[in-house]
Structure formats: C-alpha cells, structure tokens
C-alpha cells in the first residue's frame, strides 16, 4: 500500500517533512511482529492445566494408597503383578506432577532446559506404559473368556515377573536414549541459556517423527477401541447369562472391573490421539495439545474403580474375607 506523506507525518515519528520532500509518496509496510512466544501457554491455559494436575495429584495419590493397601497381601497372580506395574507407573509420574503445578502456578520455569525435558518426557512415558499394561491386563482377561472351549491358557507368576523385568529394562534403556537424542533437543537452549518457558517442544517434531507419531496414534486408537468393544461384549454376555444373580458371580465382577479399565483407557487416550492427528499438521495448536495431553493423566484414578468392590470395602472396614 502507499500513502501520501502529508497524511502520515503525524503517525510516523521518524519521518518528517524536513527529511522527505512534501508530497512524496512513501511505501509503508505494516507487519505484525511475531516471536517464538506465540505458542507459549496463556493465562487461561496455565489455569486449566493447574486445575487438571491438582485433581490428578490428589485423586491419584488416594487411588494408589488404597490400592497398595488392598494388594499388600495379594501379589500371587499374574494379573496382580500387572496391576503392581501399573501402580508403579502411576507412582513415578505423580512424583513429577508437583513440578508441573509449580510451573503453571508461577508461569515461569527456573529449573533448566534438561530438567524441563525430563519432566515433559515423563508424561509421554506414563501414557505409553499405562497403555501397555492396560493391554496386558485386558488381554489376559479376554483370552480367558473367549478361549474357554480351547486349551486353557495360563500365565504363571514367574512368566509375569519376567515380562515385567523386560518391559522396565526397555523403558529404562530405550526411552532415555530416544529422549536425549530426539525429544526437545534444541541446541539454542541446551546450553546455559536461561529458559523461562517449558513443555513447548512441538516445533522440534521432524518429518520422520511425524510418521512415527501417526503410526503410534492410529495404533492406540484402534487397539483401545477393539479391546473396549471386546470387553463390553464379554461383560454383556455374562450379564445376560446370570441376570439378577450377576452381582454374586466372581467372573462377572472381574469382567466388570476390566470394563472400567477399558473405558478409562478409551476416554483418556482416544480423544488425545484423535486430536494429535490434527496437531501434527498444525503445530501452532501447541497449547490445545498440552490440555489434551494433560487429560490423559486422569487415568491415574483407575484404581478407584475398586472402591465399589466388596473385597475393597471389607478391607477398608478391617474385616477378613
């Protein structure tokens, strides 16, 4: 666009009639300044995330405490071992939640770039580890139900312990390596640069990383949907079989708890990964992505599904069952 000087002299302080002849047409470009802070969380995002993490920390701590009290004398079955792994996964993540609450309460990060990457990476590790153990727990229950007519499939305690050790070795070795090389690896910030914002690593997703994220997100959506549908069908079949007496059937109660787990997995994980398919092509939605990601941590309340269990009630009352 162009404007005459005598119309713009009062609006542009550094342009005067003494420096430019009167009547000269001056081309002025109006550019909205941009900065790297455009994707930083706003006050509303900080408030929403702080509220979510407060709920997660409070309810998650209660959930784990009650579950540990219940399972302290019952770790003999393979399902119980898988549950203990899930509890430990939640416990490790809950240790990092206060750091997230501190950041969103103060809106400033003063703990360095390396610690920011570690805390940020833990939410992803928690999500994927929780998903793995959900799949293991649900699969063991579903195999028992759908393969009743075939040879009995059983996983003893030794096998369950071996699988647990392998899974955690992979986590402790592979994930740190991936995080150190690819996750949030910004040469401009990895040195002594004093960053004030954290959990903003969307711009570091490369083309290869996008493909991997697409594959993982689609796999989680499909597997979660399939397991939830299969578990819902198994629970419905048992309900139709027993009807009024279903609440007294141990098999039905076990599948009902598994259905709760499947529902929590679907509600917490599927919306985030559906949104992530859009986010990978629109990285400017970083703030919205953080909110969806924080909602996946609500699966820490999964152990509260046992509160309606007769065994849990009797334990809390201090009675033997």
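Numbering (this note's numbering), first residue to last: 5 to 325. All C-beta atoms in this analysis are idealised placements derived from N, C-alpha and C, irrespective of residue type, glycine included.
Taking each of 237, 113, 166, 105 in turn and checking the Cα distance to residue 149, the smallest one comes out for 237. The beta carbon of residue 123 lies closer than 6 Å to those of 100, 103 in the same chain, with the five residues before and after it left out. Distance from the CA of residue 291 to the CA of residue 233, rounded to the nearest whole angstrom, comes to 32 Å.
The continuous alpha helix (DSSP H) containing residue 89 extends over residues 82-98. Counting the other Cβ atoms within 10 Å of the Cβ of residue 282 gives fewer than 16, which makes it exposed. When rounded, the separation of the alpha-carbon atoms in residue 285 and residue 105 is 29 Å. Ranked by how close their Cα comes to the Cα of residue 287, the residues 49, 117, 204 have 204 in first place.
In the three-state scheme derived from DSSP, where H, G and I count as helix and E and B as strand, residue 165 is classed as helix.
For residue 255, the uninterrupted alpha helix (DSSP H) segment begins and ends at 254-283.
Judged by DSSP in its simplified three-state form, residue 204 adopts coil rather than helix or strand. Between residue 145 and residue 259 the beta-carbon gap is near 7 Å, inside 8 Å, which marks them as a contact.
Rounded to whole angstroms, the gap between the alpha carbons of residue 210 and residue 179 is 18 Å.
Contact between the stretch 128-148 and the stretch 87-97 is present: 3 or more CB-CB pairs across the two stretches fall below 8 Å. Straight-line spacing of the CA atoms in residue 113 and residue 85 works out to 37 Å. Between residue 254 and residue 142, the gap from beta carbon to beta carbon reaches 9 Å or more. In this structure, residue 273 places its C-beta atom within 9 Å of the C-beta atom of residue 131. The straight-line gap separating the alpha-carbon atoms of residue 118 and residue 94 is approximately 22 Å. Taking the C-beta atoms as reference points, residue 302 is found no nearer than 9 Å to residue 127. Boundaries of the alpha helix (DSSP H) around residue 297: 290-299. In the DSSP annotation of this structure, the continuous segment of the alpha helix (DSSP H) that includes residue 53 starts and ends at 47-75. For residue 231, the number of other beta carbons within 10 angstroms of its own is at least 16, and it is reported as buried. In this structure, the straight-line span from the alpha carbon of residue 115 to that of residue 108 is close to 13 Å.
Exclusion of the five residues before and after residue 49 leaves 291 as the residues of its chain whose Cβ lies within less than 6 Å of its Cβ. Taking C-beta atoms as the reference points, residue 98 and residue 304 count as a pair closer than 9 Å. Taking the C-beta atoms as reference points, residue 171 is found nearer than 9 Å to residue 133. In this structure, residue 67 sits near residue 307, with a CB-CB distance shorter than 9 Å. Its chain contains 277, 280, 281 as the residues whose beta carbon lies nearer than 7 Å to that of residue 221, once the 5 sequence neighbours on both sides are disregarded; these appear in chain order.
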